[in-house]
């Protein structure tokens, strides 16, 4: 299963990179969303998959899955959510103020140089 | 703090007080307050002569940074004393001269004297320091104060240009020297010059020896305006004339000479030193004297003449270094005489060049120009100045009975002595030395005659002069008169210098090689030696060339200004600026895509290369979980979802597909037994999708034009590369497990220690609560950020206000 996941993660990273290299801000944000999905799955996969029961001690199982990566991913999901929502509002404000979503037009004017 | 340390630091202390005195006593010329200090210092150093003559070294140490072996150690020996006397002696005369030269009303005198005192203190520090780091510190201080003095009239463009040029070149050399100092420390384990010289025998064989020598020479050659670093000196002539006389003829430009002489006992063992110091010196001598003739500005002539005379001294030091290789000759060692000649000429040059600069300053001051094409026939107007000029130039040209004659004779003799050197291939190329020296001496004779006769004889052209010429005030004449008298005095009685100054100085340069009973006798008539015939030849050919000057003027067209090193410098600087500007422009495009491309390419390159280099790729299926049906279906869904985002045209669809990927991820969390994650992921994905849709809904209509993502081959290649590298790393990391997880502890103790059964939650709030706290902070910051971004509209409001004001 881990081998398959490695390839899935690879596909997520590839698509995310491709989107981040595009011109539209919205696509870049979608790219970062995909990238964080890839990263979360990567952490989970590296911790080992399906090694026992859900890490709830009430289960009385012989073995549980590793709880530590899950804690890390939980933290990471919340943080990436915070960053993504900030990023989205930033893009929204940029549309409003500057009137474009094209990254090529969002560079300092020549007079700044 | 000993008296010697106070002597070095006193100019710095006085420099602090001078601006106060300038403000308090506006009626008195500030120079008078300064004058006393160099005179007192000169007397102090003068009284050291008897002790140094007997071979004593006066050593004082002041602890500065003992833990780094950096102490303010000062030593007076023959060489240091000679330089200290030159610095303070000519310093007094220059201050006296400047009192009459610089106007009390027009000039910012406090600035001038502060810079001059800084320079004087720094120069004393250079020549008296034994610690190389302290020497370097004072060395850079001289560069700095020289920069300030050259740019004294800072509203003139040429002054700023000259100051910048000299700064760049001398600091370049200074930094090279710092490199050499560090290397010397690595080799010898000490910063003390005497300590290093004591180990000269072992240091010679060190692999860093040659590099250190070249870097030291780079420092010395840039400071002493040697070929091809001489270009800053003619442009430094934009400084006030007292500065030119002091810094750019008598003292600072001799700092490089001092350094070469001081480190000679260390480096003279090597043939490279002998060749470089001698050869570059001779080349500088020839090039400087050749170029001096074509100058039309009197200070320009003197600048090139200084360059060439410094080359002469340098070449003598080079030849003098050969003495180390013939210690068995004792009193018969002819190369010792070369070192003596170098020191003698150093003194002579300081006297006559100082007086000549002051003479030019007087001419400039009284006529308003320094252009020899406008000057002429001033002899009857300025008889005293003319006399000084004659003495100075005749001494420079090497005519009897002035001191220049004696040192020029010794110089020619030393150059002839190179013929008998059988070291370092000298026997084949050594014959060039006397020939080049002779040619350069002829040029020297020609430009010396030009300085005096084109200025003071010939046709008087009053219509070309801005002022009506008349003799200068006596105060201004006093300093050059004293120097001219010294020129004659040293010329007629050279032996008053030999025992007192030259021999102790030569003892410092040569070390043990100099026999204690070495007899140096300088006299006008020393028999019909080759040098005498060479001098006669110089005078004859020089006179001929001077008379025929208009006829061979055309020769200089063969060396056009375009091929000069100044021109090279002038073009190299803008070229470097444009080059770096264009280089930066090449990759700093302002497009975010380009920067992302750099980052991703570096990511692929560095990680891919490391995997390849360390052979880190590892693949094993031993420790894997079984693949179930549901997982395969979910994997297919997530893969199709991710890829299809790239191809959908509508943004709305791509947002929804992203949401579906997120929900699939949460399904994965369910399958992989992570209920908390699945819950969170579900909620977060819902909220984010809602946010995406909100953002999309509020877009202005004109931006809702749908466009398919344009295909770009490079983007695909880079993203495939990133995906491949991540997959490779994931596979390798999974297949190389080095040790077990620590989670067993959490599972074992979650209930007993923390009283919870949900291990993930216990980890989040008990074991690793700090993470959670800051994650909450991140959310808080994001919320505040979003709120302020929506609410705060500073620019718009400011813009409206600005409009209202209109």
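Chains as they are written, first to last, in the numbering used here: chain A, 3 to 115; chain B, 16 to 821. Ideal placement from N, C-alpha and C gives every residue a C-beta, glycine not left out.
**Message:** Assuming contact is defined by CB atoms lying nearer than 9 Å, are residue 411 (chain B) and residue 561 (chain B) in contact in what I supplied?
**Reply:** Not closer than 9 Å, so no.
**Request:** Using the Cα positions of residue 431 (chain B) and residue 546 (chain B), report the straight-line distance between them to the nearest angstrom.
**Result:** One C-alpha to the other measures close to 8 Å.
**residue 500 (chain B) versus residue 217 (chain B) - alpha carbon distance** = Straight-line Cα distance between these residues: approximately 47 Å.
**Message:** With three or more beta-carbon pairs closer than 8 Å as the criterion, would you say the stretch 218–236 of chain B touches the stretch 106–124 of chain B?
**Reply:** Between the stretch 218–236 of chain B and the stretch 106–124 of chain B there are fewer than three C-beta pairs closer than 8 Å, too few to call the two in contact.
**Message:** What are the residues in the stretch 41–58 of chain A lying within 9 Å of chain B by C-beta distance?
**Reply:** Residues 42, 43, 44, 46, 47, 48, 49, 50, 51, 52, 53, 54, 55, 56, 57, 58.
**Request:** Could you spell out where the alpha helix (DSSP H) holding residue 739 (chain B) opens and where it closes?
**Result:** Per DSSP, residue 739 (chain B) belongs to the alpha helix (DSSP H) from 728–750.
**Item:** Backbone CA spacing between residue 340 (chain B) and residue 530 (chain B) [nearest angstrom]
**Value:** Rounded to whole angstroms, residue 340 (chain B) and residue 530 (chain B) show a C-alpha spacing of 14 Å.
**Prompt:** Are the CB atoms of residue 352 (chain B) and residue 332 (chain B) nearer to each other than 9 Å?
**Reply:** No, these two residues do not count as a Cβ contact at 9 Å.
**Closest by C-alpha distance to residue 730 (chain B), when choosing among A:58, A:108, A:13, A:21** = The shortest C-alpha separation from residue 730 (chain B) is found at A:21.
**Request:** Assign residue 16 (chain B) to one of two classes, buried (16 or more other C-beta atoms within 10 Å of its C-beta) or exposed (fewer than that).
**Result:** By the 10 Å Cβ count, residue 16 (chain B) comes out exposed.
**Message:** Can you tell me whether residue 20 (chain B) is helix, strand or coil according to DSSP?
**Reply:** Assigned with DSSP and collapsed to three states, residue 20 (chain B) falls in helix.
**Asked** Smallest Cα separation from residue 770 (chain B): which of A:90, A:60, A:101, A:108?
**Response** The shortest C-alpha separation from residue 770 (chain B) is found at A:60.
**Asked** Relative to the alpha-carbon of residue 116 (chain B), which residue among B:748, B:255, B:65, B:32 has its alpha-carbon at the smallest distance?
**Response** Answer by Cα proximity: B:255.
**Inter-residue spacing [alpha-carbon to alpha-carbon] between residue 45 (chain B) and residue 491 (chain B)** = C-alpha separation (whole angstroms): 16 Å.
**Item:** DSSP state of residue 8 (chain A) mapped onto helix, strand, coil
**Value:** Looking at residue 8 (chain A) - three-state DSSP - the assignment turns out to be helix.
**Prompt:** Which residues, taken in chain order from the stretch 12–27 of chain A, show a beta carbon closer than 9 Å to some beta carbon of chain B?
**Reply:** The residues in question are 12, 13, 14, 15, 16, 17, 18, 19, 20, 21, 22, 23, 24, 25, 26.
**Asked** Looking only at C-alpha atoms, which of B:533, B:231, B:211, B:198 sits nearest to residue 223 (chain B)?
**Response** Checking every option, the nearest Cα to that of residue 223 (chain B) belongs to B:198.
**Prompt:** Taking C-beta to C-beta, are residue 84 (chain A) and residue 70 (chain A) nearer than 9 Å?
**Reply:** By the CB criterion at 9 Å, residue 84 (chain A) and residue 70 (chain A) fall outside the cutoff.
**Request:** Could you work out which residues of chain B lie near residue 107 (chain A), taking near to mean beta carbons separated by less than 7 Å?
**Result:** Against chain B, the beta carbon of residue 107 (chain A) has no neighbour under 7 Å; the closest one sits roughly 10 Å away.
**Message:** Measuring only the C-alpha atoms, how far is residue 96 (chain A) from residue 804 (chain B)?
**Reply:** Taking the straight line joining both Cα atoms gives about 10 Å.
**Request:** Please report how far the alpha carbon of residue 812 (chain B) lies from the alpha carbon of residue 806 (chain B), in whole angstroms.
**Result:** Its pLDDT being 48, under 50, residue 812 (chain B) is placed unreliably by the model, and nothing is read from it.
**Request:** Would you be able to state if there are at least three C-beta pairs under 8 Å between the stretch 18–33 of chain A and the stretch 667–683 of chain B?
**Result:** Put simply, the stretch 667–683 of chain B touches the stretch 18–33 of chain A. At least three CB pairs are less than 8 Å apart.
**Message:** I want to verify the contact list: residues of chain B whose CB lies under 7 Å from the CB of residue 39 (chain A), in sequence order.
**Reply:** Here the neighbours are 676, 677, 680.
**residue 158 (chain B) to residue 311 (chain B) span [Cα, whole Å]** = Taking the straight line joining both Cα atoms gives about 28 Å.
**Message:** Taking 8 Å as the cut-off, does the stretch 512–525 of chain B touch the stretch 87–97 of chain B (at least 3 CB pairs, one atom from each stretch)?
**Reply:** Contact between the stretch 87–97 of chain B and the stretch 512–525 of chain B is present: 3 or more CB-CB pairs across the two stretches fall below 8 Å.
**Prompt:** Along the stretch 722–745 of chain B, what residues have a CB closer than 7 Å to any CB found in chain A?
**Reply:** Residues passing the 7 Å Cβ filter: 724, 730, 731, 733, 734, 735, 737, 738, 739, 741, 742, 745.
**Near-chain B residues of the stretch 62–77 of chain A (beta-carbon distance less than 7 Å), N- to C-terminal order** = Within the stretch 62–77 of chain A, the residues whose Cβ lies closer than 7 Å to some Cβ of chain B are 66, 67, 68, 69, 70, 72, 73, 75, 76, 77, listed in chain order.
**Length of the line joining the Cα atoms of residue 27 (chain B) and residue 809 (chain B)** = Spanning the two alpha carbons is a distance of roughly 52 Å.
**Prompt:** Which word fits residue 602 (chain B), buried or exposed, when buried means at least 16 other C-beta atoms lie within 10 angstroms of its C-beta?
**Reply:** Residue 602 (chain B) is exposed by the Cβ-count criterion.
**Range covered by the beta strand (DSSP E) that runs through residue 89 (chain B)** = In the DSSP annotation of this structure, the continuous segment of the beta strand (DSSP E) that includes residue 89 (chain B) starts and ends at 85–91.
**Prompt:** So who's on the other strand from residue 664 (chain B), going by DSSP bridges?
**Reply:** Checking the DSSP bridge columns, you'll see residue 664 (chain B) has no partner listed.
**Request:** Using a threshold of 9 Å, state whether the C-beta atoms of residue 361 (chain B) and residue 262 (chain B) are closer than that.
**Result:** No; because the gap between Cβ atoms is not below 9 Å, this pair is not in contact.
**Request:** Could you tell me which of B:174, B:177, B:154, B:231 sits nearest to residue 194 (chain B), measuring between CA atoms?
**Result:** Proximity to residue 194 (chain B) across B:174, B:177, B:154, B:231 peaks at B:231, based on C-alpha coordinates.
**Asked** What's the C-alpha gap between residue 298 (chain B) and residue 242 (chain B)?
**Response** Taking the straight line from one Cα to the other gives about 7 Å.
**Message:** Only counting the same chain, and skipping five residues up and downstream in sequence, which positions put a Cβ closer than 6 Å to that of residue 2 (chain A)?
**Reply:** With chain A covering only 3 through 115, there is no way to say anything about residue 2 (chain A).
**Member of A:73, A:80, A:89 whose CA lies at the smallest distance from the CA of residue 710 (chain B)** = Nearest neighbour of residue 710 (chain B) by Cα position, chosen from A:73, A:80, A:89, turns out to be A:89.
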